[in-house]
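Down below is the structure, laid out as structure tokens.
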Amino acid sequence: MAEMLYARDVYGKTLIELGRQNREVVVLDADLSGSTRTGLFAKEFPERFFNFGVAEQNMMAAAAGLASCGKVVFASTFAMFASGRAWDQVRNSICYSDLNVKIVATHAGITVGPDGASHQALEDIAIMRAIPNMKVIVPCDGPETREAVLTAFETPGPFYVRLGRAKIATLENKGPFKLGKGCLLKEGSDVTLVACGIMIHEALKAQEVLAKEKISARVINIHTIKPIDEEILIRAAAETRGLVVCEEHSVIGGLGSAVAEVLSENRPTRVLRIGTKDRFGQSGDEKDLLKEYGLTACDIVALAKKIV
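Using our numbering, the letters of the sequence shown correspond one by one to residues 2 to 309.
Dropping the structure here:
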């Protein structure tokens, strides 16, 4: 059985690894270090950890200041607060000056569950990828989270790394992680399933169901939303009948929109989208919410059949 890991646990441990390698690494949080796991870094490097309390805007402004002095800054809070409450500081203080700040936001998407609509970030990819200089990554499991954080550390400039709350299964044979390059997980000739984050797992389940019905589905992991891998998408459009794009995010402005933008300009084809349909979240069990919002393997299968 695949190992189940919290991506945020992996994040916390990776921060310690980076902190030991480089004294310029500093970590900021906004009163959620237990949940984001930045508290692990705080215990080992208390002099390089700063808790700003419930003051996310101040945290992002301070992150910009520290980065301007040569620090490599990791700033963390829940995705709703990192992308929404502090968006002005992210845009004008961090990205406008192309500063070396890595925003690693946890508790993204509908699977935050009982916390409800106020804490379920369903628009964060859209508003972050629209900012110039920002790079956006949505890892699909624990090991990919580690690779994303290491890549963000090694690559100058602002990053938004989106993590969920729940444990996720570790995928086998993903191939090497490379910024801006998608990963082909399954070959297929009838339809392409493109996904990111936890929806990779639903796409792979859908691929198995479709295979039993003699429908050949290609599965692509697009972990980097920006810059996106145009080549792998154009090839999929040329070699299959259409794409189903799956994300734990609004269908407006996220991965589905990014894919549609690429293909409309380069290789027009049918693109159907799995995501939340222009509505807020609500409190509930994460599995029930995935069903309610149409984010299951069954929903992916239904759209794939429409294309085929």
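Yeah, the Cβ is synthetic: ideal placement off N, Cα and C, and Gly gets one too.
- DSSP places leucine 304 outside any beta strand (DSSP E); the residue lies instead in the alpha helix (DSSP H), whose first and last residues are 298-308.
- DSSP places histidine 202 in the helix class (H, G or I) of the three-state scheme.
- With a contact defined as Cβ atoms closer than 8 Å, isoleucine 199 and asparagine 222 miss out at about 12 Å.
- Separation of the CB atoms of alanine 31 and phenylalanine 82 is rounded to 7 Å, and the pair is thereby assigned contact status at 8 Å.
- A straight line joining the alpha-carbon of glutamate 209 with that of lysine 187 spans about 10 Å.
- When the alpha-carbon of valine 113 is set against those of Asp286, Arg271, Glu293, the nearest one is in Asp286.
- Contact between alanine 56 and isoleucine 95 is ruled out by a C-beta separation of about 16 Å, above the 8 Å threshold.
- Taking C-beta atoms as the reference points, valine 105 and serine 77 count as a pair closer than 8 Å.
- Here tyrosine 294 carries a coil assignment [DSSP, helix/strand/coil].
- Serine 119 sits exposed, since fewer than 16 C-beta atoms from the chains shown fall within 10 Å of its C-beta.
- According to the DSSP assignment, methionine 61 belongs to the alpha helix (DSSP H) that extends over 57-69.
- According to DSSP, residue pairing for lysine 227 in a beta bridge involves Val137.
- In this chain, the beta strand (DSSP E) harbouring serine 77 covers 73-77.
- Excluding the 5 residues flanking it on each side, valine 302 has same chain C-beta neighbours closer than 7 Å at Ala207, Val210, Leu211, in chain order.
- Spanning the alpha carbons of leucine 273 and glycine 71 requires a straight line of approximately 44 Å.
- Relative to the Cα of isoleucine 275, the nearest Cα in the group Leu205, Val137, Leu185, Tyr294 belongs to Tyr294.
- Within 10 angstroms of the beta-carbon of glycine 117 lie fewer than 16 other beta-carbons, which makes it exposed.
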